[in-house]
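This report concerns only the one structure given below.
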Amino acid sequence: DTLAKLMHQGPHLLAPTGSDLSVHNEIGTVLAGYHSDLNLFTIHGKSRYPGLFVWLRDGRKIAVKVPDGCLLVQAGMQLERLTGGYVKAGMHEVVCTEATVEVLKARKQRGESPWRVSSTVFSHVNSDQTLRPLGKFDEPESNERYPAMLAGTFVQKELERIALKTT
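The C-terminal residue of the sequence shown carries number 386 in my numbering, and the numbering is unbroken.
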């Protein structure tokens, strides 16, 4: 109930992204660089092409295989703040791999689209709600590391931080 209340009327976003694999099909081509997301939950649907990788908490990188009818839900930075760092924001990337090229060849033979399309939902805490460690995570050390701030302020600061990295 707590998360539902925090998310109520949040700026949730469905963000389809596409990569033309008839152009970007060299093994090792990065289609979405290594990153975590600033939202509460990132919800990945199944893509027509492999190439999504996630990092486990122990640092291992693994290829994602979303079963039919299922979704992959990753924690975002907002959830990390609400749990005082107990749940870490999930790191992920999309790369053209041998498996991607194999699927591309098979789809091309069947006359199917070479586009890798990913429809990802980004769920957010309402911008006017406060992000701070909750419940058992509300401890002095967690509050120092993750100071309370409005979700909208956090998003703005994170977007500014990302923009500074590109200059």
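Cβ atoms here follow ideal geometry from the backbone N, Cα and C, with glycine treated the same way. Just so you know, these numbers come straight off a predicted model, no measurement behind them.
Restricting to Cα atoms, I'd like to know which of K355, P269, L298 and D277 is closest to S337.
Closest by alpha carbon: P269.
Would the beta-carbon of V283 fall within 8 Å of that of L290?
Cβ distance not < 8 Å, so V283 and L290 don't count as in contact.
Taking all protein chains shown into account, decide if S266 is buried (16 or more other Cβ within 10 angstroms of its Cβ) or exposed.
Buried: at least 16 other Cβ atoms inside 10 Å.
Going by the beta-carbon positions, is the gap between R351 and G237 smaller than 8 Å?
No, the Cβ-Cβ distance between R351 and G237 is not below 8 Å.
Figure out for me which residue from A308, D287 and G247 has the closest Cα to the Cα of Q297.
Among A308, D287 and G247, the Cα nearest to that of Q297 is on A308.
Whose C-alpha, out of K327, P286, V374 and R329, is nearest the C-alpha of Q348?
Nearest of K327, P286, V374 and R329 to Q348, Cα basis: V374.
Any chance the segment 316-334 sits against the segment 238-252, with 3 or more Cβ pairs inside 8 Å?
Taking 8 Å as the limit for Cβ pairs, the verdict is that the segment 238-252 does touch the segment 316-334.
Quick check on the DSSP output: the beta strand (DSSP E) that includes P235 runs from which residue to which?
Segment L232 to D239, the beta strand (DSSP E) holding P235.
In three-state DSSP terms, what is S332?
In this structure, S332 counts as coil in the three-state DSSP scheme.
Could you tell me which residues DSSP puts in a beta bridge with F260?
DSSP, once it has assigned bridges, lists A294 and S342 as partnering F260.
For H231, which residues in the same chain have their Cβ closer than 8 Å to its Cβ, ignoring the five residues on either side in sequence?
Answer for H231: V340, F341, S342 and H343, listed in chain order.
How is the alpha helix (DSSP H) around K224 delimited, first residue to last?
Residues T221 to M226.
Which residues bound the beta strand (DSSP E) around E312?
E312 -> beta strand (DSSP E) spans H311 to V314.
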